[in-house]
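**Student:**
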């Protein structure tokens, strides 16, 4: 499914929000809007990029302070701005004796280095903020982009869910429950016994909302630089389908990523839900809510965080209801940030044991991920076995496993157990130089190791 435009929020020269008319019928008869994918446009000049001369000057001087010498086009590439928009700025800095030419480069360009006055000015800029890199995107353009790529306009159908979960064995009943919950774009509890795939389900939900979005690398929030693009949670896309002409139309300060799925577990602390300011570099890092906008935020192992569950939900109530959040900058200023994501809480505990009814009401979907039945357990064994090198799994071996190690001891099935037991069996066969076959001896060994303390 393609990203969509929504006719709301501020539209700028480089981040236009253009509704496209027309609709087509989905498989089930639902009308699904056809909209042009969002694409950040290359700015014509500094004004349309939402930048001031002082901002660009600081970035140029700090970059040259670090590298010593660079061509104008190298400076342009570093800042993510068109070379034509920087020519006047470079000439101005040269006339002010902050830069000087060192050589002639290709295509009418020059190589630049800092003068002594330029180095002094660059150090002053570094003391104010150590950031060197792509020029920031304005707050208004960021809000417009989130609005244009909102998950609220994505209404996945059953075919989209089946495609997203194609690598999982998931019951039809679960899909029927998940579908409306995903369409709501609101909070969701996934609860049930450990090992039944809650985290795996949550990680695949994002795929239902389309493939890719565009985010700025850095945002200017009230004069404070906030790094948004995070390679540890964002997967950048290297587009192979665009020609050089189309690629040149894109604003290089933005990066195309897969719709994000940000996963945090017991390590979650309250400060990660806020914009974090580094007093040494004077650079800020975006909160988890910002990093997961237009995607999914999964709070895994809910109830096992260092903070109390009520404290965490208190922090999330307003964003979940209003779809916006207030973040505090280092100067004390509060700024309104879009909260456009599906927030998932995955837990092994009963939701009612974690929070009261008032909180549960604000998370409308509570979905239990149940144990697989015997039929599903067998199908999982057959699905996983070839991936681990087993040519086949004899039916009598699976029946032996179920009868002797499940029924007789009253053990519950878990969705993770076929994979885990087969991994034990695989290691046993490899170590003993045996054929990759599942027999009673191998089954007994795998069960003995896996369930000893369980």
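In this note's numbering, the protein residues as written are 132 to 585.
Backbone N, C-alpha and C fix where the C-beta goes; we use that ideal spot for every residue, glycine too.
#1: Once DSSP output is grouped into helix, strand and coil, what is the label at residue 494?
#2: Measuring alpha carbon to alpha carbon, tell me which residue in 499, 321, 358 and 195 is nearest residue 405.
#3: For residue 550 and residue 396, what's the separation of their Cα atoms in angstroms?
#4: Is it buried or exposed for residue 325, if we count other Cβ within 10 angstroms and need 16 for buried?
#5: Indicate whether residue 344 and residue 425 have their beta-carbon atoms separated by less than 8 Å.
#6: So which of 310, 455 and 407 has the shortest CA-CA distance to residue 463?
#7: Quick one: give me the first and last residue of the alpha helix (DSSP H) that residue 531 is part of.
#8: Mapping the DSSP letters down to three states, classify residue 475 as helix, strand or coil.
#9: Determine the direct distance from the alpha carbon of residue 487 to that of residue 440, and round the result to whole angstroms.
#10: Reducing DSSP to helix, strand and coil, say where residue 368 ends up.
#11: Out of curiosity, what's the CA-to-CA distance linking residue 275 and residue 268?
#12: On the CB-based measure, 16 or more other CB atoms within 10 Å of its CB, does residue 114 come out buried or exposed?
#13: DSSP three-state label for residue 426, please.
#14: Is the distance from the Cβ of residue 427 to the Cβ of residue 447 below 8 Å?
#15: Run the CB neighbour count on residue 243, radius 10 Å, all protein chains shown included, and call it buried at 16 or more, exposed below.
#16: Does the separation of the CB atoms of residue 360 and residue 280 fall below 8 Å?
#17: Residue 351 by DSSP, collapsed to three states: which one?
#18: For residue 206, which option in 227, 181, 236 and 402 has the closest C-alpha, if you only look at C-alpha atoms?
#19: Opposite residue 489 in the DSSP bridges: which residues?
#20: In whole angstroms, what is the alpha-carbon distance linking residue 312 and residue 466?
#21: Taking only the alpha-carbon atoms, compute the straight-line gap between residue 458 and residue 537 and give it to the nearest angstrom.
#22: Express the C-alpha separation of residue 510 and residue 374 in angstroms, rounding to a whole number.
#23: Could you check which residue in 241, 434, 260 and 184 has the C-alpha nearest to that of residue 484?
**Tutor:** Looking at the coordinates:
#1: coil
#2: 358
#3: 23 Å
#4: exposed
#5: yes
#6: 407
#7: 526–533
#8: strand
#9: 10 Å
#10: coil
#11: 11 Å
#12: Since the displayed the chain opens at 132 and closes at 585, residue 114 lies outside it and no answer follows.
#13: strand
#14: no
#15: buried
#16: no
#17: strand
#18: 236
#19: Partner(s): none; residue 489 has no beta bridge.
#20: 30 Å
#21: 51 Å
#22: Here the model assigns residue 374 a pLDDT of 47, short of 50, so the residue's position is not dependable, and the following value carries that caveat. Going from the Cα of residue 374 to the Cα of residue 510 covers about 45 Å.
#23: 434
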